[in-house]
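Enquirer:
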Amino acid sequence: REPFIAHKVFDTMPDRNVVSWTALMSGHVFNGDLKGSLSLFAEMGRHGVYANEFTFSTNLKACGLLNELEKGLQIHGFCLKIGFETMVEVGNSLVDMYSKCGRINEAEKVFRSMVDKSLISWNAMIAGYVNAGCGGRALATFRQMQGRQVRERPDEFTLTSMLKACSSSGMIHGGKQIHGFLIRSGFQCQSSATITGSLVDFYVKCGNLVGARKAFDQIREKTMISWSSLILGYAQEGDFVEAMGLFRRLRELNSQIDNFVLSSIIGVFADFALLRQGKQMQALAVKLPSGLETSVANSVVDMYLKCGLVDVAEKCFAVMQSRDVISWTVMITGYGKHGLGKKAVDIFKEMLRHNIEPDDVCYLAVLSACSHSGLIEEGKELLSKLVETRGIKPRVEHYACIVDLLGRAGRLKEAKHLIDTMPVKANVGIWQTLLSGCRLHGDIKLGGKVGKIILRMDGENPAN
Numbered sequence: 001r002e003p004f005i006a007h008k009v010f011d012t013m014p015d016r017n018v019v020s021w022t023a024l025m026s027g028h029v030f031n032g033d034l035k036g037s038l039s040l041f042a043e044m045g046r047h048g049v050y051a052n053e054f055t056f057s058t059n060l061k062a063c064g065l066l067n068e069l070e071k072g073l074q075i076h077g078f079c080l081k082i083g084f085e086t087m088v089e090v091g092n093s094l095v096d097m098y099s100k101c102g103r104i105n106e107a108e109k110v111f112r113s114m115v116d117k118s119l120i121s122w123n124a125m126i127a128g129y130v131n132a133g134c135g136g137r138a139l140a141t142f143r144q145m146q147g148r149q150v151r152e153r154p155d156e157f158t159l160t161s162m163l164k165a166c167s168s169s170g171m172i173h174g175g176k177q178i179h180g181f182l183i184r185s186g187f188q189c190q191s192s193a194t195i196t197g198s199l200v201d202f203y204v205k206c207g208n209l210v211g212a213r214k215a216f217d218q219i220r221e222k223t224m225i226s227w228s229s230l231i232l233g234y235a236q237e238g239d240f241v242e243a244m245g246l247f248r249r250l251r252e253l254n255s256q257i258d259n260f261v262l263s264s265i266i267g268v269f270a271d272f273a274l275l276r277q278g279k280q281m282q283a284l285a286v287k288l289p290s291g292l293e294t295s296v297a298n299s300v301v302d303m304y305l306k307c308g309l310v311d312v313a314e315k316c317f318a319v320m321q322s323r324d325v326i327s328w329t330v331m332i333t334g335y336g337k338h339g340l341g342k343k344a345v346d347i348f349k350e351m352l353r354h355n356i357e358p359d360d361v362c363y364l365a366v367l368s369a370c371s372h373s374g375l376i377e378e379g380k381e382l383l384s385k386l387v388e389t390r391g392i393k394p395r396v397e398h399y400a401c402i403v404d405l406l407g408r409a410g411r412l413k414e415a416k417h418l419i420d421t422m423p424v425k426a427n428v429g430i431w432q433t434l435l436s437g438c439r440l441h442g443d444i445k446l447g448g449k450v451g452k453i454i455l456r457m458d459g460e461n462p463a464n
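Quick note: the sequence shown uses the UniProt record's numbering, first residue 1, plus one each step.
(1) Give every residue of the same chain whose Cβ lies closer than 8 Å to the Cβ of GLY133, excluding the five residues on either side of it in the sequence, and list them in chain order.
(2) Quick one: what does DSSP say VAL387 is sitting in, helix, strand or coil?
(3) Taking 8 Å as the limit between beta carbons, can you name the residues of its chain near ARG1, skipping five residues before and five after?
(4) Under a Cβ-count criterion, where at least 16 other Cβ atoms within 10 Å of its own Cβ denotes burial, should ARG137 be classed as buried or exposed?
(5) Between ILE104, ALA51, LEU66 and GLU53, which lies nearest to LYS35 when the distance is taken from Cα to Cα?
(6) For SER93 and SER373, what's the separation of their Cα atoms in angstroms?
(7) Please report the straight-line C-alpha distance between MET87 and GLU53, rounded to a whole angstrom.
(8) Tell me whether GLN144 is buried or exposed, calling it buried when 16 or more other Cβ atoms sit within 10 Å of its Cβ.
(9) With distances taken from CA atoms, which of PRO154, GLU108 and LYS342 is nearest ARG184?
(10) Roughly how many whole angstroms lie between the Cα atoms of MET171 and GLU377?
(11) Excluding the 5 residues flanking LEU446 on each side, which residues of the same chain have their C-beta closer than 7 Å to its C-beta?
(12) I need the DSSP call for MET125, collapsed to helix, strand or coil.
(13) Between which residues of its own chain and residue 484 is the CB-CB distance below 8 Å, once the five residues before and five after are set aside?
(14) Going straight from the alpha carbon of HIS179 to that of LEU199, what length do you get?
(15) Give me the Cα-Cα distance between HIS76 and THR58, rounded to the nearest whole angstrom.
(16) Whole-angstrom Cβ separation of ASP360 and ARG395, contact assumed at under 8 Å?
(17) Drop a sphere of 10 angstroms on the beta-carbon of ASP443, count the other beta-carbons inside from all chains shown, and report buried for 16 or more, exposed for fewer.
(18) Secondary structure at THR223, three-state DSSP: helix, strand or coil?
(19) My understanding is that SER226 touches THR196, with C-beta atoms under 8 Å, so please give their C-beta distance in whole angstroms.
(20) Just curious, the alpha helix (DSSP H) that GLU68 is in, first and last residue?
(21) Just how far apart, CA to CA, sit GLU314 and ASP324?
(22) What does the Cβ neighbour count give for VAL261, buried or exposed, with the cut at 16 atoms within 10 Å?
(23) Quick one: which unbroken alpha helix (DSSP H) runs of 4-plus residues sit fully inside the segment 331-364? Chain order, please.
(24) In this structure, does DSSP put PHE84 in helix, strand or coil?
(25) By Cβ distance, which residues of its chain are closer than 6 Å to MET351, with the 5 residues on each side in sequence left out?
(26) Measure the beta-carbon distance from CYS79 to GLU85 and round it to whole angstroms, keeping in mind my assumption that it falls under 8 Å.
(27) Would you mind working out which of HIS47, VAL110, GLU89 and MET162 sits nearest LEU73, comparing C-alpha positions?
(28) GLY267: which of LYS287, VAL450, LEU305 and GLU252 sits nearest, CA to CA?
(29) Given a cut-off of 7 Å, decide if LEU246 and ILE231 are closer than it, judged by their beta-carbon atoms.
(30) Tell me the start and end of each unbroken alpha helix (DSSP H) in the segment 392-457 that is at least 4 residues and wholly inside, in chain order.
(31) Which one of PHE56, VAL19, ALA51 and LYS61 has the shortest CA to CA distance from PHE30?
(32) Please report the Cβ distance between LYS380 and ILE402, rounded to the nearest whole angstrom; I am assuming they are in contact, meaning their Cβ atoms lie under 8 Å.
(33) Thinking just about the alpha-carbon of each residue, which of MET114, ARG251, VAL450 and LEU405 is nearest to the one in VAL95?
(34) So which of PRO423, LEU367 and GLU388 has the shortest CA-CA distance to LEU405?
(35) Quick one, are the C-beta atoms of PHE317 and VAL296 less than 7 Å apart?
(36) Taking the C-alpha atoms as reference points, what is the distance between ARG276 and GLY238?
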């Protein structure tokens, strides 16, 4: 409604300058209409209005969120032509855009070329490294930031990003250094729910539950993030007594237990095939508002499937108030693991009739189900459908399912031809899948050729 009103006002303006154009673009980005902003950017150019640094940064943000690298490169080109790339706002947006588009080296190149850097610049680069899985580079940048004495000291965003980097990369020593920095710099951890939650999460993910509990107990205002991190930490380590004790404490505080906590705890019970505890949590979930969420229902269905109760899972799935692609994928995966490939294919087709678009994970689940049940024609048909689907790029794992399917059936030459002609680069795993088929059917000649390929690719692995 508000963007519509803004457009009406904009259209009646007799003199529309760069400020009014940029304000309208910012409104589109703020309301999630990213393509609308980029369309306005192109239209502004056709009207002969020159962009300023805020116009560029707004649309670079849109490119990053849309993963529109090509348009981002075009805007970067405009910036270079008129010398705007030296402006801090534009540089920050370029770093963010390249990071979000998976081009971390280009982001780093822009960052290093920036003469002036703000706290936002450092945060954008660190966040880019974290999202790219480059925890070591994030930590090195944080240390560099300290050495250069940036005007603004690290804020909550910097520190939570660093703790995330350390936990995802298993850098226990680095995380402890960040914790030490917090203490030395007098940062009020106890008053920052975001940082304390990240500290608890860091220690949990590094397997240090003693450190996690210590950080948790120091928090004055405990958030749902800190509660859920510690509860899940205990549950994943198999300490269900402590996990459920904390959960009961959380309930006694009359806190609004969210769907993430419920679905995650049920998910842990599913992984350990703890049916009794899972049923107890399901009974509790239906009494809570968040228990009606789709994510919670997905976890319940998954739990029954992992505990071998396919018929109960089907009943829970049938009565779900709403289903997303994850709901269907859970059922497809469960059918596949129980050798019910035909049911997996049937429910996949039913999903399509409900106009639910499958993602790459869903396709992998149904192809895997075909592989385990020997459904050759169905598997090949589904792979062809995946190749034709816009917006999803088949991965080597998708092709590996069909190679496994053909290999089990003794159609080894066909499997080899699929590897040779697929549009993605073959890895060691897919060749090992074919080798298993050769071994199963005693094809020494083809097995020898495949073995040599594996040795060339991964000769240092003792398993080969």
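Idealized CB from N, CA, C, for every residue including glycine.
Expert: Result, derived from the coordinates:
(1) Counted from its first residue, the sequence shown places residue 133 at position 133. If we look at GLY133 and ignore the five residues flanking it on each side, its Cβ neighbours are SER168 and SER169.
(2) Counting from 1 along the sequence shown, the entry for residue 387 is found at position 387. Correct three-state label for VAL387: helix.
(3) Position 1 of the sequence shown, counted from the start, is the residue given in the question as residue 1. With a pLDDT of only 49 at ARG1, under the threshold of 50, the placement of this residue in the model should not be trusted; the figure read from the coordinates follows. Closer than 8 Å at the Cβ level, and outside the excluded window around ARG1, lies no residue.
(4) Working through the sequence shown from its first residue, we reach residue 137 at position 137. Buried is the call here.
(5) As a first step, residue 35 must be located in the sequence shown, where it is residue number 35. The residue among ILE104, ALA51, LEU66 and GLU53 with its C-alpha nearest the C-alpha of LYS35 is LEU66.
(6) In the sequence shown, residue 93 corresponds to position 93, counting from 1. In the sequence shown, residue 373 corresponds to position 373, counting from 1. C-alpha separation (whole angstroms): 49 Å.
(7) Counted from its first residue, the sequence shown places residue 87 at position 87. Counted from its first residue, the sequence shown places residue 53 at position 53. Each residue's Cα considered, the two are about 7 Å apart.
(8) Locating residue 144 in the sequence shown gives position 144, where the first residue counts as 1. Result: exposed.
(9) Within the sequence shown, residue 184 is the residue found at index 184, counting from 1. Nearest C-alpha to ARG184: PRO154.
(10) Start at 1 with the first residue of the sequence shown, and residue 171 comes out as number 171. Start at 1 with the first residue of the sequence shown, and residue 377 comes out as number 377. For MET171 and GLU377, the distance between alpha carbons rounds to 47 Å.
(11) Locating residue 446 in the sequence shown gives position 446, where the first residue counts as 1. For LEU446, where only same-chain residues beyond five positions count, the Cβ hits under 7 Å are LEU412, LYS416 and CYS438.
(12) Working through the sequence shown from its first residue, we reach residue 125 at position 125. Note: MET125 maps to helix in three-state DSSP.
(13) Given a span of 1 to 464 for the chain in the structure shown, any question on residue 484 remains unanswerable.
(14) Counted from its first residue, the sequence shown places residue 179 at position 179. Counted from its first residue, the sequence shown places residue 199 at position 199. In this structure, the CA atom of HIS179 is about 8 Å from the CA atom of LEU199.
(15) For the purposes of this step, residue 76 is taken as the residue at position 76 of the sequence shown. For the purposes of this step, residue 58 is taken as the residue at position 58 of the sequence shown. Cα to Cα, the separation comes out at about 12 Å.
(16) Counting from 1 along the sequence shown, the entry for residue 360 is found at position 360. Counting from 1 along the sequence shown, the entry for residue 395 is found at position 395. With a Cβ gap of about 6 Å, ASP360 and ARG395 count as contacting.
(17) Here residue 443 corresponds to residue number 443 of the sequence shown, with the count starting at 1. By the neighbour-count rule (16 or more Cβ atoms within 10 Å), ASP443 is buried.
(18) Indexing the sequence shown from 1 puts residue 223 at position 223. THR223 falls in the coil class under three-state DSSP.
(19) As a working mapping, residue 226 is identified with position 226 in the sequence shown. As a working mapping, residue 196 is identified with position 196 in the sequence shown. Yes, SER226 and THR196 are in contact; Cβ-Cβ is about 6 Å, under 8 Å.
(20) In the sequence shown, the residue the question calls residue 68 occupies position 68. Membership of GLU68 in any alpha helix (DSSP H) is not indicated, and neither H nor E is assigned to it by DSSP.
(21) Your numbering for residue 314 matches position 314 in the sequence shown. Your numbering for residue 324 matches position 324 in the sequence shown. Each residue's Cα considered, the two are about 15 Å apart.
(22) For this step, residue 261 is matched to residue 261 along the sequence shown. Flag for VAL261 reads buried.
(23) 341-353
(24) By one-based count along the sequence shown, residue 84 stands at place 84. Three-state result, PHE84: helix.
(25) Here residue 351 is taken as the residue at index 351 of the sequence shown, counted from 1. Non-local beta-carbon contacts of MET351 in its own chain, meaning distances under 6 Å to residues more than five positions away in sequence, involve TRP328 in chain order.
(26) Along the sequence shown, one-based indexing puts residue 79 at 79. Along the sequence shown, one-based indexing puts residue 85 at 85. With a Cβ gap of about 5 Å, CYS79 and GLU85 count as contacting.
(27) If you number the sequence shown from 1, residue 73 lands on position 73. Among HIS47, VAL110, GLU89 and MET162, the Cα nearest to that of LEU73 belongs to VAL110.
(28) For the purposes of this step, residue 267 is taken as the residue at position 267 of the sequence shown. Checked all of LYS287, VAL450, LEU305 and GLU252; the closest Cα to GLY267 is LEU305.
(29) Looking up residue 231 in the sequence shown gives position 231. Looking up residue 246 in the sequence shown gives position 246. Yes, they are a contact pair.
(30) 396-408, 412-421 and 428-441
(31) By 1-based counting over the sequence shown, the position of residue 30 is 30. Nearest of PHE56, VAL19, ALA51 and LYS61 to PHE30, Cα basis: LYS61.
(32) Within the sequence shown, the letter at position 380 stands for residue 380. Within the sequence shown, the letter at position 402 stands for residue 402. 6 Å between Cβ atoms; contact.
(33) As a working mapping, residue 95 is identified with position 95 in the sequence shown. Nearest C-alpha to VAL95: MET114.
(34) The sequence position of residue 405 within the sequence shown is 405, counting from 1. Nearest option by C-alpha distance: LEU367.
(35) Walking along the sequence shown from the start, residue 317 turns up at place 317. Walking along the sequence shown from the start, residue 296 turns up at place 296. Against a cut-off of 7 Å, the Cβ pair of VAL296 and PHE317 comes out as no contact.
(36) For the purposes of this step, residue 276 is identified with residue 276 of the sequence shown, where counting begins at 1. For the purposes of this step, residue 238 is identified with residue 238 of the sequence shown, where counting begins at 1. Straight-line Cα distance between these residues: approximately 15 Å.
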